[in-house]
Amino acid sequence: MSERIVEQGPNAPGKPQINPLLKFALELGPLVVFFFANNRAEWVVEAFPALGALGGPLFVATGLFMVATLAALAVSYALTKTLPMMPIVSGVFVLVFGALTLWLQDELFIKMKPTIVNGIFAAILLGGLLFGKALLGYVFDQAFKLDQEGWRKLTLRWGLFFIFLAILNEAVWRFTSTDFWVAFKVWGTMPLTIGFMLMQMPLLKRHSLEPLFEERR
-13 MSERIVEQGP NAPGKPQINP LLKFALELGP LVVFFFANNR AEWVVEAFPA
37 LGALGGPLFV ATGLFMVATL AALAVSYALT KTLPMMPIVS GVFVLVFGAL
87 TLWLQDELFI KMKPTIVNGI FAAILLGGLL FGKALLGYVF DQAFKLDQEG
137 WRKLTLRWGL FFIFLAILNE AVWRFTSTDF WVAFKVWGTM PLTIGFMLMQ
187 MPLLKRHSLE PLFEERR
């Protein structure tokens, strides 16, 4: 059998396509579930009493975060018959660190997960550049078609940005409350990421192989 389970490389011919907005929603959805469950844990446990066995709000949120992550990957696979590279890496760590959090009843593991995942993403992207591979194309090639120099520059910038997010997560969870960390994980990290993406528009325009926006008369 020649079918691939994990998505192919950038601009691969015949690669299944998915709407960029839907892809974004699938990646953001589990985080929204995590935030809602942490802030409305009492309501969630009243609706689903079995979840009360998991522990306090963060543990209930962690359990639902794991389920939502698996659901998002399942939907992505159902639509494209492949699994996206970066969400797979993140999903594995959600499941591993989530399981450790619930098993040991220790918030440390789920709080450190973003630090480790962002650090690994940075290592993968920057390490790939050392071997001449701009791996960011696995993430964005459905939205943008760039030349090799464009992918290289964009990969470098994202690698450095992931290092920044790793350091920021460490600072937030160590020096603020759990509720603040959960809120920041969703409503702080995401705006920062969107702002960073918007700052890359000049680079994308310079290196795009096709118009980013269709001109209208």
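First residue of the sequence shown: -13, per the numbering used here; consecutive thereafter. The beta carbon of each residue, even a glycine, is placed where N, CA and C say it ideally should be.
Nonlocal neighbours in the same chain, by C-beta distance under 7 Å from residue i, ignoring five residues either side
i: Pro16; result: Phe51, Ala54, Thr55, Ala58
i: Trp144; result: Leu111, Leu122
i: Leu12; result: Ala58, Val61, Ser62
Residue range of the alpha helix (DSSP H) that includes residue i
i: Asp165; result: 164 to 169
i: Glu135; result: 134 to 161
i: Phe107; result: 94 to 116
i: Pro177; result: 175 to 185
i: Val30; result: 27 to 33
i: Leu56; result: 43 to 66
Proximal residues to residue i (C-beta, below 8 Å), its chain only, five neighbours per side dropped
i: Met(-13); result: Any reading at Met(-13) must be qualified, since the residue scores a pLDDT of 40, below 50, and its modelled position is unreliable; no value is offered.
i: Ala120; result: Pro(-4), Gly114, Gln134, Trp137, Arg138, Leu140, Thr141
Residue i, DSSP secondary structure in three states
i: Met(-13); result: Legend: pLDDT at Met(-13) = 40, less than 50; position of this residue unreliable, no value from coordinates given.
i: Leu122; result: coil
Close beta carbons around residue i, own chain, < 6 Å, minus the five adjacent residues each side
i: Ile180; result: none
i: Ala47; result: Phe20, Ala23, Asn24
i: Val103; result: Ser76, Phe79
Residues that DSSP places opposite residue i in a beta bridge
i: Ser194; result: Leu132
i: Leu86; result: Leu86 is not bridged to any residue.
Cβ separation of residue i and residue j, assumed to be a contact under 8 Å, to the nearest whole Å
i: Phe45; j: Leu88; result: 6 Å
Min CB distance residue i to chain D below 8 Å
i: Phe20; result: Of the chains in the structure shown, none is chain D; there is only one protein chain.
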